[in-house]
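K.L.:
According to our numbering, the stretch in the sequence shown is residues 457 to 956, in order. Cβ atoms here follow ideal geometry from the backbone N, Cα and C, with glycine treated the same way.
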Amino acid sequence: MRDEMKKEIYHSTRNRQLTATASRAVLEGLAGDGGLYISDAPAGAAFDWRELLGRNTLDMAEAILSALLPDLPDMGTLVHQGYAGKFENDELTPLVAVGDRYVLELFRGPTSAFKDVALSLLPRFITAARQVQGVEDEIVILTATSGDTGKAALEGFRDVPGTRIIVFYPEGGVSPVQQMQMTTQEGGNVCVCAVRGNFDDAQTGVKQVFSACRERTLPGVHLSSANSINIGRLAPQVVYYFKAYAELVKSGRIAVGEPVHFVVPTGNFGDILAGYYAKALGLPVGKLVCASNRNDVLTEFLTTGVYDRRRPFYKTTSPSMDILVSSNLERMLYLASGGDDAYVADLMGQLKEEGRYQVSEPVLQKLQESFDRGCCDDATAADAIGRVWRQHHYVCDPHTAVAWHVADEFMARQQDGAPVVVLSTASPYKFPVAVLEAMGEATDGDGFTLMERLHALTGVPVPKNLDSLRNKKVRHTDVIDKDDMLRYVLDKIAQPSWKE
Numbered sequence: 457m458r459d460e461m462k463k464e465i466y467h468s469t470r471n472r473q474l475t476a477t478a479s480r481a482v483l484e485g486l487a488g489d490g491g492l493y494i495s496d497a498p499a500g501a502a503f504d505w506r507e508l509l510g511r512n513t514l515d516m517a518e519a520i521l522s523a524l525l526p527d528l529p530d531m532g533t534l535v536h537q538g539y540a541g542k543f544e545n546d547e548l549t550p551l552v553a554v555g556d557r558y559v560l561e562l563f564r565g566p567t568s569a570f571k572d573v574a575l576s577l578l579p580r581f582i583t584a585a586r587q588v589q590g591v592e593d594e595i596v597i598l599t600a601t602s603g604d605t606g607k608a609a610l611e612g613f614r615d616v617p618g619t620r621i622i623v624f625y626p627e628g629g630v631s632p633v634q635q636m637q638m639t640t641q642e643g644g645n646v647c648v649c650a651v652r653g654n655f656d657d658a659q660t661g662v663k664q665v666f667s668a669c670r671e672r673t674l675p676g677v678h679l680s681s682a683n684s685i686n687i688g689r690l691a692p693q694v695v696y697y698f699k700a701y702a703e704l705v706k707s708g709r710i711a712v713g714e715p716v717h718f719v720v721p722t723g724n725f726g727d728i729l730a731g732y733y734a735k736a737l738g739l740p741v742g743k744l745v746c747a748s749n750r751n752d753v754l755t756e757f758l759t760t761g762v763y764d765r766r767r768p769f770y771k772t773t774s775p776s777m778d779i780l781v782s783s784n785l786e787r788m789l790y791l792a793s794g795g796d797d798a799y800v801a802d803l804m805g806q807l808k809e810e811g812r813y814q815v816s817e818p819v820l821q822k823l824q825e826s827f828d829r830g831c832c833d834d835a836t837a838a839d840a841i842g843r844v845w846r847q848h849h850y851v852c853d854p855h856t857a858v859a860w861h862v863a864d865e866f867m868a869r870q871q872d873g874a875p876v877v878v879l880s881t882a883s884p885y886k887f888p889v890a891v892l893e894a895m896g897e898a899t900d901g902d903g904f905t906l907m908e909r910l911h912a913l914t915g916v917p918v919p920k921n922l923d924s925l926r927n928k929k930v931r932h933t934d935v936i937d938k939d940d941m942l943r944y945v946l947d948k949i950a951q952p953s954w955k956e
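#1: State yes or no: is the C-beta of K929 within less than 8 Å of the C-beta of T599?
#2: Which class does T673 belong to by DSSP, given the choice of helix, strand or coil?
#3: Mind checking G915: buried by the 16 CB within 10 Å criterion, or exposed?
#4: Please report the distance separating the alpha-carbon of M531 from that of R506.
#5: Ignoring anything shorter than 3 residues, give me the beta strand (DSSP E) runs that lie fully in the segment 582 to 641, in order along the chain.
#6: Less than 8 Å separating the beta-carbons of F581 and V482?
#7: Between G541 and the rest of its own chain, which residues show a CB-CB distance below 6 Å, the 5 nearest in sequence each way excluded?
#8: Report the rounded CA-to-CA distance for K463 versus T477, giving the unit in angstroms.
#9: Quick one: measure Cβ to Cβ for R787 and I494, integer angstroms, because I've assumed they're closer than 8 Å.
#10: How is L560 classed by DSSP in three states: helix, strand or coil?
#11: For the alpha helix (DSSP H) containing K699, list its first residue and its last residue.
#12: Using DSSP with H/G/I as helix, E/B as strand and the rest coil, what is F655?
#13: With a Cβ-Cβ cutoff of 8 Å, do L922 and F827 count as a contact?
#14: So, with DSSP's three-state summary, where would you put S568?
#15: Could you tell me if E518 is buried or exposed, where buried requires 16 or more neighbouring beta carbons within 10 angstroms of its beta carbon?
#16: Got a sec? Which residues, its chain only, sit under 6 Å from M457 by beta carbon, not counting five neighbours each side?
#17: Over the uninterrupted alpha helix (DSSP H) stretch that includes V876, give me the two end residues.
#18: Run through the DSSP bridge pairs and tell me what Y493 is partnered with.
#19: Does DSSP put A747 in a helix, a strand or coil?
#20: Any idea which residues DSSP pairs C852 with across the strands?
#21: Run through DSSP, which three-state label would T475 get?
#22: Are the Cβ atoms of V535 and L514 separated by less than 8 Å?
#23: By a C-beta neighbour count over all protein chains shown, 10 Å radius and 16 as the cutoff for buried, is V712 buried or exposed?
#24: DSSP three-state call for D764: helix, strand or coil?
#25: Quick check on A837: buried or exposed, where buried means 16 or more other Cβ atoms within 10 Å of its Cβ?
#26: Would the beta-carbon of R689 fall within 8 Å of that of A574?
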C-alpha cells in the first residue's frame, strides 16, 4: 500500500489530534470523543472532476470514493459488487425532466430509498476496512433510523460474515410500509427494535451506547455505525451529484463549468452535506437548498444562526425528516468555522447541556454563501403532490414534495437561468396513504390495497421489494423504552446467535 494511502487524513470534528486513516474512520464510525470524522483536504488538489464527467456511473463512483477513502483497497471491485445488478438500471440514479426542473431519482435501489446508494457499499467498506486494520473482532453495527436507513442497512448487512446489525426505529414514527420493511427482515445477523420516543431519542441513545461501551470491555466485539455519522456512509452520496451534473452536460442543458442548484429534502443534514463535499471537490454546485418539513430547525438555523432543539416535535407525512438534532451539521460547522475544532466542541457542548447554540456572524455568512433554505407543512406538501401529478403526471413521495415546494420558492427568488435539480429520496409507494390523499383518492384499506390503488391510478409500477412484503412474516417485534437501549444492546451482543 502506498504511503500516502496510509496517512491519517481524518480526525474528529471536536479534536484534530484524534486522527485516523480512512479505513479506521469507517470501522469506528464515531470518533472517540463523540465527534464525527472529517478531512481538511478530502481529495487533495490533484482531483480532476472534469475528467469524471465522461465516465459511466460505476467508474465515476470508483474514482470519487478512491479519493475520499484512499486506503480501502480495490475500490473498483467493491463498487461493482455493491451496485451491479442491484438497481433498476446501471445509471443507479436517473435524472428526469419534470416541468421547469429536474428530479434526481435516488430510489431505484433494492429498498426504494436513497439510502441504498450508500448502504449497498458500506458493508463492503467495513469488511475491507476490517482487513486493512487487521481487526478480527465481530463488527456490530448500531443504527438509528427515521424510516429509510434501517431497511437499507439491514438489507446491506444481511448475512455479511463477521457482522451483526441492530436497528432502532421510533415506535409510530415511520410509515406502515417502512415498518413492514424492517420488521419482516430476514437474516441470521439482523435485529430490529422499536423505541418509545422519536428519532432524536433513538439517535441520541445510539450515541450514548457508543460512549458507554468505550468504558467497558466487550470481548470479541467492535461497534460501528451505518448512520451518516460514518464517513463511509456519507461518501457514496457524493457520487450522485456528479452523476446529475454529467447528465445535464451530456444533454446540452449546461456547458462544463456552469452552475447547477440542488434542492435537498433533509433532516439529518447528510444528504445535503454530500452536495457540499461535491462542491469541495470542484463540482460547480450553485446553491444547496435545504428543504425541511414542519420540523424546521434547519430552516431557522440557516436563517438566524440559532440552533435550538427545544421546540415541539411533529410527526409528519415525511417522517424521514422528523428530526430535531441534525448530526451531520457538526461536520458543516467545522468546515464553516475554518476548521476550528475547539469552537465546534464548545457548540456541541452547549447543545448537549442547554439544548441550543448560536454561531458567530462570520460562520453564518459562510453557511449562507452555499446554502439556501425553506420549509413547508403537510398540507403544503400534499398540495405539491397533487399539482405535480395534475400538471406533469409525475408522482412524488411526501419528502420530494417538500423539496418541490421549496424549489418553487427558491426559483421565484433566484431566476438566474441555472438548472434546478430536486433530489427525490423515496418511492411514493412507501407512503401510499399520504400520496393518495393528496391526489384526492380514498385511503381506506391496508398498505397493499393502497399500493394497488395508486398503481391503478398512475400506472407507475410498484417496486418489487415492496410488493413482495405481503407474503413475508413479521420477525421482529421488540419494543423498549429509550433508557433501555444500552441494556438491550449488551443483552443482544451476549447472545451467541440471533437465528430463529
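P.N.:
Looking at the coordinates:
#1: For the pair K929 and T599, the CB atoms are not nearer than the 8 Å cut-off.
#2: DSSP places T673 in coil when its eight states are reduced to three.
#3: By the 16-neighbour rule on beta-carbons within 10 angstroms, G915 is exposed.
#4: Cα atoms of M531 and R506: separation of roughly 20 Å, rounded to the nearest angstrom.
#5: As far as the segment 582 to 641 is concerned, its whole beta strand (DSSP E) runs of at least 3 residues are 594 to 600, 619 to 626.
#6: Closer than 8 Å, so yes.
#7: None.
#8: Each residue's Cα considered, the two are about 6 Å apart.
#9: The Cβ separation is near 5 Å, so the contact holds.
#10: For L560, the secondary structure class from DSSP, reduced to helix, strand or coil, is strand.
#11: Counting along the chain, K699 sits inside the alpha helix (DSSP H) bounded by residues 695 to 706.
#12: Reduced to three states, the DSSP call for F655 is helix.
#13: With a cutoff of 8 Å on beta-carbon distance, L922 and F827 are scored as not near each other.
#14: The answer is coil: DSSP assigns S568 none of H, G, I, E or B.
#15: E518 is classed as buried because its beta carbon has at least 16 other beta carbons within 10 Å across all chains shown.
#16: Confidence is the limiting factor: at M457 the pLDDT is only 41, short of 50, which leaves the residue's position unreliable, though a coordinate-based value still follows. The answer is none, since no qualifying residue turns up.
#17: Taken as a continuous stretch (DSSP letters only), V876 belongs to no alpha helix (DSSP H), being part of the beta strand (DSSP E) at 876 to 880.
#18: The secondary-structure analysis by DSSP pairs Y493 across a beta bridge with S468.
#19: Here A747 sits in strand by DSSP.
#20: DSSP links C852 through a beta bridge to no other residue.
#21: Note: T475 maps to strand in three-state DSSP.
#22: It is a contact, given that the beta carbons lie within the stated cut-off.
#23: Its Cβ having fewer than 16 others within 10 Å, V712 is exposed.
#24: The answer is strand: DSSP assigns D764 an E or B state.
#25: Buried.
#26: For R689 and A574, yes; Cβs fall inside 8 Å.
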